[in-house]
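Following: one structure in structure tokens, then a few remarks.
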Amino acid sequence: MTMLDQQNEYAIGVDIGGTKTLLALVQGNGTIVQQQQFATLPEQGVEDFISRIEASILSLIAGMPEAGKLKGIGICSAGVIDAAELSIVYAANLGWHNFKLGAILQERFGVPVILGNDANLAAVAEYVWGTQKQAKHLIYVTVSTGVGAGIISNGQLLQGISDSAGEFGHISVDLRGERCRCGNYGCLENYSSGTALAHIANERLEKREEPWTSKMVLEQADAGHLGALELVQQAAFYLGNGIVTLIHLFNPTQIIFGGGVMSSENLLFVLMKQIVEQRALPDMRKQVELRRTNLGKEIAVLGAAGMFFMNE
């Protein structure tokens, strides 16, 4: 893509969250030109949501220069999606079932629409606009409410037959562990997610005026609280071993971390890296960099828009 193309080509990225929806008009060089945000309010129904998202998209399009070309609209949504049908099959936090949002917007605006999940699209953002652009073998790992991964291999996003690849949080790290909400046992998400840290802390640690949160556990571990430290060590052990598995399976040059639990260089991140150093095959370990993302809170909209600029 030439510099002129980068200046004249745009895509719109949409990140649908449980409380708010963020939209951004993104230039071909990764610059966010304009943003829109509104309360998702899923309880008001899908027709109301469609009206508000269409109004926001129209506003972004109006902000494009006359010579600008809109390549498409990328949508990041939680839940089970059908990328081929451009449909949100089921989103528990939104109460949506078989919501063909992508198909509706494609018909309304006459441009291609792509639908994806947060981890996959974050991996795309890192590939297209990260500090090592076009790194052909990278993995983005999100550790937040849940755990997930987006995998770029040889410059291609691995999606699987039903766009479900990257369910990293549901690999078994304890074969005799507790049953997960997915039906499996001993899932990584049961030990290393923000939800797990808070849940285990409220079961095992001393009672407080306010319930333990993952943020509190991480802060107290950093401050030397022995109980919190033990939980963080356990989470780091399981996460680190999961990362070793990713390294051995995909042989990446980068594994990039994001999500609320990885928002700072905390003890969990440090201990996880130590586990990887101890357990990964030496030659493969030397080839991979483990770091936190620097793309900020806009990573999902950048990735959603970035789908239209991959390999250009």
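Just so you know, we're using our numbering here: the sequence shown kicks off at 455 and counts up by one. Cβ coordinates follow ideal geometry from the N, Cα and C atoms, glycine included.
Original post:
Between Gly-482, Gly-472, Ile-466, which lies nearest to Met-764 when the distance is taken from Cα to Cα?
Top reply: For the purposes of this step, residue 764 is taken as residue 310 along the sequence shown, with counting starting at 1. Among Gly-482, Gly-472, Ile-466, the Cα nearest to that of Met-764 belongs to Gly-482.
Original post:
What number of angstroms, rounded off, separates the C-alpha of Glu-663 from the C-alpha of Tyr-692?
Top reply: Mapped onto the sequence shown, residue 663 falls at position 209. Mapped onto the sequence shown, residue 692 falls at position 238. Note on geometry: alpha-carbon atoms of Glu-663 and Tyr-692 lie some 29 Å from one another.
Original post:
How about Gln-461 and Leu-476: do their beta carbons lie closer than 8 Å?
Top reply: Residue mapping note: residue 461 aligns to position 7 of the sequence shown, counting from 1. Residue mapping note: residue 476 aligns to position 22 of the sequence shown, counting from 1. No, the Cβ-Cβ distance between Gln-461 and Leu-476 is not below 8 Å.
Original post:
Skipping 5 residues on each side, what residues in its chain have a beta carbon closer than 7 Å to that of Asn-695?
Top reply: By one-based count along the sequence shown, residue 695 stands at place 241. Result list for Asn-695: Val-627, Ile-729, Arg-733, in chain order.
Subject >> When Ile-527, Thr-599, Leu-592, Gly-549 are compared against Gly-564, the one with the closest alpha-carbon >> reply: Within the sequence shown, the letter at position 110 stands for residue 564. Answer by Cα proximity: Ile-527.
Original post:
Does DSSP classify Glu-539 as helix, strand or coil?
Top reply: Taking the first residue of the sequence shown as position 1, residue 539 is located at position 85. The answer is coil: DSSP assigns Glu-539 none of H, G, I, E or B.
Original post:
Got a sec? Which residues, its chain only, sit under 7 Å from Gly-678 by beta carbon, not counting five neighbours each side?
Top reply: As a first step, residue 678 must be located in the sequence shown, where it is residue number 224. In its own chain, leaving out the 5 sequence neighbours on each side, no residue places its CB closer than 7 Å to the CB of Gly-678.
**OP:** Report back the beta-carbon spacing between Pro-519 and Leu-592 to the nearest angstrom; my notes put them in contact at under 8 Å.
**Re:** For the purposes of this step, residue 519 is taken as the residue at position 65 of the sequence shown. For the purposes of this step, residue 592 is taken as the residue at position 138 of the sequence shown. About 32 Å; that fails the 8 Å criterion.
**OP:** Kindly confirm or deny that the region 592-609 and the region 699-719 touch, where touching means at least three C-beta pairs closer than 8 Å.
**Re:** By the criterion of at least three beta-carbon pairs nearer than 8 Å, the region 592-609 is in contact with the region 699-719.
Original post:
Roughly how many whole angstroms lie between the Cα atoms of Ser-646 and Glu-684?
Top reply: Within the sequence shown, numbered from 1, the residue matching residue 646 stands at position 192. Within the sequence shown, numbered from 1, the residue matching residue 684 stands at position 230. One Cα belongs to Ser-646, the other to Glu-684, and the distance between them is close to 12 Å.
Original post:
At what residues does the beta strand (DSSP E) containing His-551 begin and finish?
Top reply: Translated into the one-based positions of the sequence shown, residue 551 becomes position 97. For His-551, the uninterrupted beta strand (DSSP E) segment begins and ends at 550-553.
Subject >> Per-residue DSSP class, three states only, for Glu-719 >> reply: As a working note, residue 719 is residue 265 in the sequence shown. Glu-719: coil per DSSP, three-state reduction.
Original post:
If you draw a straight line from the C-alpha of Leu-756 to the C-alpha of Ser-718, how long is it?
Top reply: Numbered from its first residue, the sequence shown carries residue 756 at position 302. Numbered from its first residue, the sequence shown carries residue 718 at position 264. Their Cα atoms are separated by approximately 21 Å.
Subject >> Gly-533 versus Ala-573: straight-line alpha-carbon distance, rounded >> reply: Working through the sequence shown from its first residue, we reach residue 533 at position 79. Working through the sequence shown from its first residue, we reach residue 573 at position 119. Inter-residue distance for Gly-533 and Ala-573 is about 12 Å (C-alpha atoms, whole angstroms).
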